[in-house]
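Everything below concerns the one structure shown next.
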Amino acid sequence: SLAELVAGTSKGVEGVEELNFIGALVTSAGYSADRIKIDPSVVRGLEYYTGPVYEAELLFDVTNEKGEKVVFGSVGGGGRYDGLVSRFMGQPVPATGFSIGVSRLMTALKNLGKLGASEVIEPVLVTVMDGDVEAMGRYQKMTQELRAAGIRAEMFQGNWKKFGNQLKYADRRGCPVAIIQGGDERAEGVVQIKDLIEGKRLSGEIEDNASWREARVAQETVPEADLVAKVREILAAQAEDRKRAGNAQ
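For what it's worth, this note's numbering labels the leading residue of the sequence shown as 4, then goes sequentially.
Right under this line is the structure:
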């Protein structure tokens, strides 16, 4: 195994542990081996990257200029580069990044017939309340379930310990819905779903305790199994509100 091959080096052992951690997260997110593969042979910029590196490939077939069927291939790549910022600041700063070949991605979407017009809304934000492996795996899984249902979603990537900053980020981003699950909710198998659009509207109308209680309608607790259905319901209601507002103009 890979662990046995590098057993004599501390860096090697550390690297395998990190790959195992990544593997646990992607498994929790619902990705199987046919979607994500850990490949020790992948090498990128040894002078630049300081940790895991990754590449994104599209595996559908296309016909090349010779008329041959080939796999479409890479559309992006990146990795961990903790030494980059220190070149300018003089202190180590953890960093990771990913670049996408936009022209190649557009070509891929065109080949797949997925460049049709559609109403674009900002993503649903899955907030982070705990940083342990189990919790992070659950957040990844919820994000993936929403995406698999055709709902744009992202998991918060900043400093999760200041929850208020997550909601501020969602507001700046224009996220329509926030998903919240702390330890108590996780133990009960439920999530809180916050309608950020309705909540923002109601917050501007709060004048007394009765109004505040009414504003709580913008946040509901549902079983994890009902996550996708409830988010769809909220997004549909928001779309209907936008439609009515457009017709009124």
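Note that the Cβ used here is the ideal one computed from N, Cα and C, for glycine as well.
Keep in mind it's a predicted model, so treat the numbers as computed, not measured.
### Query
Can you find at least 3 beta carbon pairs, one from the region 78-97 and one from the region 131-140, that sit closer than 8 Å?
no
### Message
So, does the region 37-54 touch the region 63-74, judging by three or more C-beta pairs under 8 Å?
### Response
no
### Message
Give me the residue from K171, G80, A59, E125 with the minimum Cα distance to V74.
### Response
Mapped onto the sequence shown, residue 74 falls at position 71. Comparing alpha-carbon positions, the option among K171, G80, A59, E125 lying closest to V74 turns out to be A59.
### Task
Starting from the Cα of A242, find the closest Cα among T224, E201, Q147, I183 and give me that residue.
Translated into positions along the sequence shown, residue 242 becomes position 239. Per the Cα distances, E201.
### Task
Measuring alpha carbon to alpha carbon, tell me which of L61, K72, K14, A98 ends up nearest R107.
To locate residue 107, count along the sequence shown from 1; it is residue 104. With distances taken between Cα atoms, R107 lies closest to L61.
### Task
Can you give me the start and stop residues for the alpha helix (DSSP H) that G18 sits inside?
One-based indexing of the sequence shown puts residue 18 at position 15. First-last of the alpha helix (DSSP H) with G18: 13-31.
#### Entry: Terminal residues of the alpha helix (DSSP H) in which M109 lies
As a working mapping, residue 109 is identified with position 106 in the sequence shown. Note, M109: alpha helix (DSSP H), 105-114.
### Task
May I ask you to report which of helix, strand or coil DSSP gives E236?
On the sequence shown, residue 236 is found 233 positions in, with the first residue counted as 1. If DSSP states are grouped into helix, strand and coil, E236 belongs with the helices.
### Message
With DSSP as the reference, identify every bridge partner of D244, one or two as the case may be.
### Response
Counting from 1 along the sequence shown, the entry for residue 244 is found at position 241. Note: D244 sits in no beta bridge, so no partner.
### Task
Taking the CB atoms as reference points, tell me whether M145 and A156 lie closer together than 9 Å.
In the sequence shown, counting from the first residue as 1, residue 145 sits at position 142. In the sequence shown, counting from the first residue as 1, residue 156 sits at position 153. Cβ distance < 9 Å, so M145 and A156 count as in contact.
### Message
With distance defined between alpha-carbon atoms, name the residue in G33, I39, V56 nearest to V46.
### Response
What you label residue 46 is simply residue 43 of the sequence shown in a count that begins at 1. Here the closest residue by C-alpha is V56.
### Task
Please state whether DSSP places G48 in a helix, a strand or coil.
Translated into the one-based positions of the sequence shown, residue 48 becomes position 45. Coil.
### Query
How is the beta strand (DSSP E) around D64 delimited, first residue to last?
Residue 64 sits at position 61 when you count from the first residue of the sequence shown. Here the beta strand (DSSP E) through D64 covers 56-66.
### Task
Indicate the three-state DSSP secondary structure (helix, strand or coil) for D198 in the structure shown.
Along the sequence shown, read from residue 1 onward, the residue named residue 198 stands at position 195. DSSP, reduced to helix, strand and coil, places D198 within a strand of the structure shown.
### Query
Should A151 and G33 be called a contact, given that it needs their Cβ atoms to be closer than 9 Å?
Counting from one through the sequence shown, the residue named residue 151 turns up at place 148. Counting from one through the sequence shown, the residue named residue 33 turns up at place 30. Yes, the pair counts as a contact, with Cβ atoms nearer than the cut-off.
### Task
Kindly indicate the opening and closing residues of the alpha helix (DSSP H) around G167.
Position 164 of the sequence shown, counting from 1, holds the residue named residue 167. Note, G167: alpha helix (DSSP H), 166-176.
### Query
Can you list, in chain order, the residues of its chain whose CB lies under 7 Å from that of R219, leaving out five sequence neighbours each side?
If you number the sequence shown from 1, residue 219 lands on position 216. Confidence in R219 is poor, its pLDDT being 48 and thus under 50, which makes the residue's placement too unreliable to answer from.
### Message
I need the DSSP call for E157, collapsed to helix, strand or coil.
### Response
Your numbering for residue 157 matches position 154 in the sequence shown. Correct three-state label for E157: strand.
### Task
Please check the pair G100 and G81, which I expect to be a contact at CB under 8 Å, by giving their CB distance rounded to whole angstroms.
Numbered from its first residue, the sequence shown carries residue 100 at position 97. Numbered from its first residue, the sequence shown carries residue 81 at position 78. Going by Cβ atoms, the distance from G100 to G81 rounds to 5 Å, so yes, they are a contact pair.
### Task
Look at the alpha carbon of A36 and the alpha carbon of I25, and state the distance between them as a whole number of angstroms.
On the sequence shown, residue 36 is found 33 positions in, with the first residue counted as 1. On the sequence shown, residue 25 is found 22 positions in, with the first residue counted as 1. Computed Cα separation, rounded: 13 Å.
#### Entry: Cut-off 7 Å between Cβ atoms - residues of its own chain near P126, not counting five sequence neighbours on either side
Position 123 of the sequence shown, counted from the start, is the residue given in the question as residue 126. Setting aside the 5 residues that flank it on each side, P126 is surrounded in the same chain by R155, A156, E157, C178, each with a C-beta closer than 7 Å to its C-beta; the list follows chain order.
### Query
Of the choices V231, N168, G186, whose alpha-carbon is the least far from that of I196?
In the sequence shown, counting from the first residue as 1, residue 196 sits at position 193. The shortest Cα separation from I196 among V231, N168, G186 belongs to V231.
### Query
With distances taken from CA atoms, which of E191, L149, Q184 is nearest Q222?
If you number the sequence shown from 1, residue 222 lands on position 219. Comparing Cα-Cα distances from Q222 to each of E191, L149, Q184, the minimum goes to Q184.
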